[in-house]
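Residue 55 is where the sequence shown starts when you use this note's numbering, and the numbers rise one by one after that. Take a look at the structure set out below.
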Amino acid sequence: MGSCPKLAQAFKIALNSPKPVELNSIQIYKLHSMGLVQTLDNCVIPSCNLYREYFQRVLV
Numbered sequence: 055m056g057s058c059p060k061l062a063q064a065f066k067i068a069l070n071s072p073k074p075v076e077l078n079s080i081q082i083y084k085l086h087s088m089g090l091v092q093t094l095d096n097c098v099i100p101s102c103n104l105y106r107e108y109f110q111r112v113l114v
């Protein structure tokens, strides 16, 4: 994700939100295809709490 700052920013928003976050369909598709998020209609949540905890520290 280093070469995709907009995608990384969208993922950070999802990580830091306690509720499902609405993203555009391309961002949802890319993050879901990488296994980073689960989809809920047009919203996403991190796939697991381990990802949330790890990426909150890594994506500063």
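All residues carry an ideal CB built from backbone N, CA and C; glycine is no exception.
Helix, strand or coil for residue i? Go by DSSP, reduced to three states.
{"i": "residue 85", "result": "helix"}
{"i": "residue 112", "result": "helix"}
Along the chain, where does the alpha helix (DSSP H) that runs through residue i open and close?
{"i": "residue 69", "result": "59-70"}
How big is the Cα-Cα spacing for residue i and residue j?
{"i": "residue 95", "j": "residue 78", "result": "11 Å"}
{"i": "residue 76", "j": "residue 112", "result": "22 Å"}
{"i": "residue 100", "j": "residue 74", "result": "9 Å"}
{"i": "residue 106", "j": "residue 82", "result": "16 Å"}
What residue range does the beta strand (DSSP E) around residue i cover?
{"i": "residue 90", "result": "It is not in any beta strand (DSSP E) - residue 90 carries neither H nor E in the DSSP assignment."}
{"i": "residue 100", "result": "97-100"}
Name the residue from the options whose alpha carbon lies nearest to the alpha carbon of residue i.
{"i": "residue 58", "options": "85, 102, 103 and 91", "result": "85"}
{"i": "residue 110", "options": "65, 88 and 98", "result": "65"}
{"i": "residue 97", "options": "103, 80 and 60", "result": "80"}
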